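First the structure, in the form of structure tokens, and then the observations on it.
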Amino acid sequence: MSAPTDHSIADALRDRFESDAILGARVLPIAPRQPVTPARGAAARSGTPARQNAPAGPVRRIASISESEHVARSSALAVIDDGEVKSCAKCGLHAGRTKTVFGVGSPAARVMFVGEAPGFNEDQQGIPFVGEAGNLLTKMIEAGMGLNRDDVYICNVIKCRPPNNRTPAPDEIHACKDYLYRQIRIIRPEVIVALGAPATQTLLETKLGITKLRGQWHEFRVPAARGDASEASGDEALPPIPLMPTFHPAYLLRSPSEKGKAWEDIQQVMQRLGLPIRRT
9 MSAPTDHSIA DALRDRFESD AILGARVLPI APRQPVTPAR GAAARSGTPA
59 RQNAPAGPVR RIASISESEH VARSSALAVI DDGEVKSCAK CGLHAGRTKT
109 VFGVGSPAAR VMFVGEAPGF NEDQQGIPFV GEAGNLLTKM IEAGMGLNRD
159 DVYICNVIKC RPPNNRTPAP DEIHACKDYL YRQIRIIRPE VIVALGAPAT
209 QTLLETKLGI TKLRGQWHEF RVPAARGDAS EASGDEALPP IPLMPTFHPA
259 YLLRSPSEKG KAWEDIQQVM QRLGLPIRRT
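Okay, so the sequence shown: first residue is 9 according to the working numbering, each after it adds one.
Quick look at the structure:
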């Protein structure tokens, strides 16, 4: 969700998500993938893995799926968006929306970013994370992780903007979260990054705050499929998905000194995906 920008950001500590800080940095070796410690709604801090040599060969930026599977996933997402979300009236938010905001990115994304709800710019354009907070998220993905924004998938728990960008109410989350679960089942990301407290609390079914949850691996247990035709790739149970909570980009705009912690969280995600890490 968009938020007013703190204009002192330029005078704050060096922004680790600025391209000149990331792209000129030294590439560090990547640790091997670590198992996820089961934790749903509870902290599960992982130790610092030993550094190993970086993996040989090209880095895989999207999942290796067939062209037919890619088409099937794209079609399944479109069925939900065009056939249900755009006309959704499950909660009162539909009365004040300009556009619904479903999600963007690759249906073969290895990593999925989940925020809480659209802001003003998103409501106008129908695209998640396109305001100032979205610009910072793009820096995190492109300058920080070395991925194209189109290689990942970005969405929110809520598909309509709450008035005045307020936090979504429990009944609004309850009405809308099934759309998110179905997006996750179709895309099957290797990692989910939950941006901020509402997204993290929804996915982990916890009331713990983001400061207690961030920086630690958790598991998202995917709810069973409903058997809808829109759910591609069969209806078998999916294994738990590693989930990393971190601060929402809008919060980082207000509190730029916290960007270092968010960068630490993103580095853990990169390690799990086998992406080369650049540090200053």
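In this text, a Cβ means the ideal position worked out from N, Cα and C, and glycines have one as well. None of these values were measured; they are calculated from a predicted model.
Item to check | Proximity to Thr146 [Cα-Cα], best of His226, Trp225, His256, Arg190 | outcome: Taking only the C-alpha atoms, the option nearest Thr146 is His256.
Item to check | DSSP-derived helix/strand/coil call for Val79 | outcome: In the structure shown, Val79 sits in a helix (DSSP, three-state: H, G or I).
Checklist entry - Between which two residues does the alpha helix (DSSP H) harbouring Asn320 extend? => result What is shown of the chain runs 9 to 288, which leaves residue 320 out entirely.
Next on the checklist: If I follow the unbroken beta strand (DSSP E) through Gly111, where does it start and stop?
Outcome noted: That run of the beta strand (DSSP E) goes 111-113.
Checklist entry - Taking all protein chains shown into account, do 16 or more other C-beta atoms lie within 10 angstroms of the C-beta of Gln275, making it buried, or fewer, making it exposed? => result When all chains shown are included, Gln275 counts as buried.
Item to check | Residue closest to Pro115, alpha-carbon to alpha-carbon, out of Glu92, Thr219, Ala84, Thr175 | outcome: Sorting Glu92, Thr219, Ala84, Thr175 by C-alpha distance to the C-alpha of Pro115 places Ala84 at the top.
Checklist entry - Just to confirm, are Asn143 and Val109 a CB contact at a threshold of 9 Å? => result It is not a contact, given that the beta carbons lie outside the stated cut-off.
Checklist entry - Expressed to the nearest angstrom, what Euclidean distance is found between the alpha-carbon atoms of Arg34 and Phe228? => result Its pLDDT being 34, under 50, Arg34 is placed unreliably in this model, and the coordinates cannot settle the point.
Next on the checklist: Quick test of your reading: Gly139 and Asn129, contact by CB under 8 Å. State the CB separation rounded to the nearest angstrom.
Outcome noted: A Cβ-Cβ separation of about 4 Å places Gly139 in contact with Asn129 under the 8 Å criterion.
Checklist entry - For Pro250, which residues from the same chain have a beta carbon less than 7 Å from its beta carbon, with the 5 sequence-adjacent residues on both sides left out? => result Around Pro250: Val44, Val199, Trp225, Glu227, Arg280.
Item to check | Cross-strand partners of Phe228 (DSSP beta bridge) | outcome: Note: Phe228 sits in a beta bridge opposite Ile249.
Checklist entry - Which word fits Thr219, buried or exposed, when buried means at least 16 other C-beta atoms lie within 10 angstroms of its C-beta? => result In summary, Thr219 is exposed, with fewer than 16 beta-carbon neighbours lying within 10 Å of its beta-carbon over all protein chains present.
Next on the checklist: What would DSSP say about Phe255, mapped onto helix, strand or coil?
Outcome noted: The three-state reading of DSSP puts Phe255 in coil, since its state is none of H, G, I, E or B.
Item to check | Cβ-Cβ separation, Arg81 to Arg195 (assumed contact under 8 Å), whole Å | outcome: The amino acid occupying residue 195 in the given sequence is Ile; Arg does not appear at that position. About 7 Å separates the two Cβ atoms, so the contact holds.
Next on the checklist: Looking at the secondary structure, which residues open and close the beta strand (DSSP E) in which Phe121 lies?
Outcome noted: Counting along the chain, the beta strand (DSSP E) containing Phe121 begins and ends at 119-123.
Item to check | Contact the segment 176-191 vs the segment 264-272: 3+ CB pairs below 8 Å | outcome: Contact between the segment 176-191 and the segment 264-272 is absent, with fewer than three C-beta pairs closer than 8 Å.
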